[in-house]
Structures are given as C-alpha cells and as structure tokens.
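For the sequence shown, my numbering gives the first residue as 1, with consecutive numbering after it. Encoded as structure tokens, the structure appears first; notes follow it.
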Amino acid sequence: MKLAAGVSAATTPLVSFSTLSHAMDGRTVLAIPGWEQAAGEHALVLGPSGSGKTTLINIICGLVTPTSGSARIDGMDMTALAPAARDALRRRTIGLVFQTLRLIPALTVRENLALAQHIGRGLHDPAEISALIARVGLAHRADAKPRALSQGEGQRAAIARALITRPRLVVADEPTSALDDSNAAAMIDLLFETATATGATLLVATHDVRIRPRFAKVLTLAPPALQAAA
Ligand SMILES: Nc1ncnc2c1ncn2[C@@H]1O[C@H](COP(=O)(O)OP(=O)(O)OP(=O)(O)O)[C@@H](O)[C@H]1O
Ligand SMILES: [Mg+2]
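Below is the structure:
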C-alpha cells in the first residue's frame, strides 16, 4: 500500500521510547528500559507513589526533556523537536487527563470543552460538545463550574475535555485513585468505552492495583529506591 506523505505505516508504534532516565535535583527519579505501544494497544503504567509515573507522562507528552534517552510519538522524536513543534505534535495527537485535572475554574464544563476544541482543532461544534458531555454522563452538569463537581464528575469532565480534540492517544494520570471500588471500575469502563468509540489508544498511569487486571499490556515502575540502585 502506498502511503501519502505524513501518514505513518501501520507498524510505527504510537508510543515508543529508548532506555530512559531522568534526574531532578541530582537524584535519579526514573530509570526504565525501552518500550513500544502500538495503536489500539491500551496500556497501563503501574508503580507506587514517587516511582516516576507523572514524570514519564510529562516526557511522553513533551513537557519534560529526559536526562537521557528519547520518546517517540507516532515515529516523531518528541525530545528532539523545538518547543513549538512539540506543542503542535501534542495538540494533534494526545489528549491528556492530568492528575490534578486542571479544568479552568472560571469556565463551565461545556465552556472548558469549547476552549479545548477551539485550541486543538480551531472550530466550534456545540453538538459534538453536548454529545461528548452526555457520553461521559455529565449532561445534567454541563453548565456547572469545576468547583461544584464531585471528584468523579471532575474526572469525567477532564476525560471529555481530553477527547474533544479527537486524539489518537489518551494519557490519563491516576484517573481512579480517589474513587471507591465501584466508581473506579466505572471510570475504567468509561475510558475503554470512549477510547473504543473514538478510535483512541489509552495510556493510563496509576498506583491503583485494582485496575491492573483490565490491561493486557503493563509497564511496571519499581519503587524509587530500587530504580536509583538499578
Ligand atoms: N520538580 C521536581 N523537583 C525535584 N524532584 C521532583 C520534582 N517533581 C517530582 N520530583 C520527584 O520525582 C519523583 C517522581 O515523581 P512523580 O511525580 O513522577 O511520581 P509519581 O509516580 O507520579 O507519584 P504519585 O503516584 O504520587 O503521583 C518523586 O520522588 C518526586 O519527589
Ligand atoms: Mg503522579
């Protein structure tokens, strides 16, 4: 099959990195072997608090440059790109659900999605926003501001905001750790369901071992002390 310029071959991993390490304040906080994740292959990054999950996500998303090694998104070396090109690649490819949600407090759920849609795709499609809000079960809270949402509702709003740009990769940092068992299971169901519906691939980071059985592909990060000794 002949591929048009800019279209990657099916064999190009969606996410890959070489042996990767990162130090902060002179201390190694991440030291891991290489990894490849194909499009459609949902994966979990599992490790205790402080093992470097958020650091790894920041590297994959081009928000942090690793001390050594490099991360590729869809075959493009995120770490080698200039800041503006990194931002463009992230905007084009990744929907990020932050550990601390980072919804804009002055805007309603609907307005948060509208802003993300405008920044990510340069358009305003109210019908798509309403459909996505309904899909995550927040139709009755669409005009609420983030501070008026429960923890689980805020997480669902953050997932909807990540999906509104139609990303190929959805990265979620600790989406379940603050939730009880049934809400944690519902959150993972929602991530899988929305990823399937939009054709996105999931990369979920957590210390929550309850969701381990839901993923066939797992990258396990050692506790910080063991990593530093490796
Ligand atoms: N800006 C920083 N300066 C120095 N050290 C940092 C900084 N940010 C994180 N660290 C350290 O790097 C290590 C990894 O942090 P990171 O946030 O990636 O862990 P995590 O696995 O996401 O933890 P958690 O499950 O608690 O979110 C920790 O020991 C943390 O204290
Ligand atoms: Mg973290």
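Here a beta-carbon is modelled for each residue, glycine too, at the ideal position from N, C-alpha and C.
Check                                                                                               : Outcome
CB contact flag (Ala200, Pro167, <8 Å)                                                              : yes
For Leu20, the nearest candidate out of Leu14, Thr11, Asn58, Thr12 (CA to CA)                       : Asn58
CA-to-CA distance, Ile133 to Ala4, given in whole angstroms                                         : Only weak support is given to the placement of Ala4: the predicted model assigns it a pLDDT of 46, under 50, and the value that follows is read from those uncertain coordinates. Their Cα atoms are separated by approximately 34 Å.
Of the listed residues Asp87, Gly40, Pro48, nearest to Leu63 (C-alpha basis)                        : Asp87
Beta strand (DSSP E) segment containing Glu36, residue limits                                       : 35 to 37
Residue environment, Leu123, which counts as buried when at least 16 other CB atoms sit within 10 Å : exposed
Among Asn112, Phe98, Val97, nearest to Ile104 - alpha-carbon criterion                              : Asn112
Beta-carbon proximity check, Val45 vs Leu203, cutoff 8 Å                                            : yes
Top-ranked residue by Cα proximity to Phe192, from Gly26, Gly40, Gly34                              : Gly40
4 or more residues per run - each alpha helix (DSSP H) lying fully within the region 147 to 185     : 151 to 163
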